[in-house]
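> Before we start, here is the structure in question, set down as structure tokens.
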Amino acid sequence: MSLFTILLFGGTMALSLWAAMRVRQVYNKFSRLPASSGSSGAETAATIIRQEGIYDVEIIGRSL
């Protein structure tokens, strides 16, 4: 393997690891914020499927 190939592989790996770390940080930051509507994800999903006339889907959630 040439030096260029090794550097390219290492740079790509470093960039991928940095991106994964950054996504995890941002997700953890915003996952703690409550929804502005006050509804849970399960309640929002139930509202959407009811409005669309879908009746053959079961939603399993803590708030329902």
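Going by my numbering, the first residue of the sequence shown is number 77, and it counts up by one from there.
Glycine residues also receive a C-beta, built at the ideal position from the N, C-alpha and C atoms.
Values in this document were obtained by computation on a predicted structure and should not be read as measured data.
Measure the beta-carbon distance from Ala121 to Ile135 and round it to whole angstroms, keeping in mind my assumption that it falls under 8 Å.
5 Å between Cβ atoms; contact.
> Determine the contact status of Ile124 and Val133, defining contact as a CB-CB distance below 8 Å.
Not closer than 8 Å, so no.
> Indicate the three-state DSSP secondary structure (helix, strand or coil) for Glu134 in the structure shown.
Coil, per DSSP.
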